[in-house]
Every structure is written in C-alpha cells, then in structure tokens.
Amino acid sequence: MSNFVFGVEEVAIAVNDAQEAAHDFSTLFGINFDYQWELPDEKLFVKSAKIGNTQLQFIESTSEDGVVAKFVAKRGEGLNHIALKIKNLDALIKQLRTNNVKLMPNEPVLVDNIPPFSGKIRYIFIHPSSFHGVLIELIEEL
586 MSNFVFGVEE VAIAVNDAQE AAHDFSTLFG INFDYQWELP DEKLFVKSAK IGNTQLQFIE
646 STSEDGVVAK FVAKRGEGLN HIALKIKNLD ALIKQLRTNN VKLMPNEPVL VDNIPPFSGK
706 IRYIFIHPSS FHGVLIELIE EL
C-alpha cells in the first residue's frame with residue numbers, strides 16, 4: 586500500500602460566527618487569521634490562520650440551508666473535519682473505492698485561487714460513516 590498522505594492541511598471548526606471565533610482565538614492565543622474567503626457554491630465563509638504547516642479554520646454557513654448550518658444545528662459548534670495533504674489523489678480514490686469507502690461528492694472538486702494555496706487544488710471527502718465518525722477531506726495541490 587502506498588503512502589498517499591504527507592501532512593495535515595487543515596483542521597476546520599464549524600461555528601455560528603467565524604469572525605467572532607477568529608477574534609476570540611486571536612485574543613487568547615495571539616494568532617492572526619490572515620486569510621478569509623467565501624465558497625458560494627458550498628454556502629460557506631472561512632477564516633483561516635496558518636499555524637506551522639497547518640491551517641486552523643473557522644467555517645460558517647452563509648445560508649440556513651447550508652451543510653455547515655445543518656451541522657451546527659444538529660451537533661452544535663465544534664470540529665467539522667480534518668483535511669489531509671494527498672499525493673496521487675486519483676490512485677487513492679481508486680483504492681478507497683476498492684475498499685468500499687463512501688466518498689462525497691462522487692468525483693473530486695476542482696477549485697482555483699483559494700488562500701493560502703497559490704494555484705489549483707482538488708478535494709473530496711470521506712464520509713464519516715466510513716471512518717470512525719470523522720469527516721476527512723483529501724486535498725491535492727495541482
């Protein structure tokens with residue numbers, strides 16, 4: 586089996602108010618949340634701080650029917666997902682499907698110019714039911 590993972594890209598915490606959460610965290614720990622962006626298709630606003638080689642993200646829904654809004658309504662604020670840095674995402678997806686791991690969406694999503702990435706990335710998620718109740722995002726920089 587190949588080693589596809591070479592780092593932890595992000596830890597994402599779902600919150601009601603990303604600006605407030607980032608402010609509180611900055612006040613307590615002195616960390617600057619230098620990045621923010623919106624993903625309209627996902628109804629998501631993100632505040633991010635780079636800590637070492639890993640991003641700490643506060644994610645907030647921009648719509649009452651967004652996935653993060655539903656997550657917070659059901660479970661409250663808290664850890665949403667962990668993202669892993671991946672090499673050879675296509676080969677990993679093939680291996681995961683061979684092992685009946687549920688992926689979402691069905692194919693990787695391609696995005697461009699999301700801080701702090703300088704170019705394009707592809708990502709896909711492992712459904713929590715396939716991995717001990719934890720949502721795992723797999724990210725490959727192109």
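Residue numbers for the sequence shown follow the working numbering, beginning at 586 and rising by one. Just so it is clear, CB atoms sit at the ideal spot from N, CA and C, and this is done for glycine as well.
| query | Can we say the segment 638-647 touches the segment 590-605, given the rule of at least three CB pairs closer than 8 angstroms? | reply | The segment 638-647 is in contact with the segment 590-605.
| Enclosing beta strand (DSSP E) for residue 635 [first to last residue] | Element bounds for residue 635: 629-636.
| Does the pairing of the segment 681-691 with the segment 600-614 give three or more beta-carbon distances under 8 angstroms? | They do not touch, by the three-pair rule.
| said: I need the straight-line Cα distance from residue 727 to residue 704, nearest angstrom please. | reply: For residue 727 and residue 704, the distance between alpha carbons rounds to 7 angstroms.
| Cβ-heavy atom distance, residue 594 to the ligand HEM, below 8 angstroms | With respect to small molecules bound, the structure shown includes none, and the ligand HEM cannot be examined in it.
| Delimiting residues of the alpha helix (DSSP H) encompassing residue 609 | Bounds of the alpha helix (DSSP H) holding residue 609 are 603-614.
| task | Quickly, what does DSSP pair residue 671 with across the bridge? List them, please. | result | Partner(s): 590.
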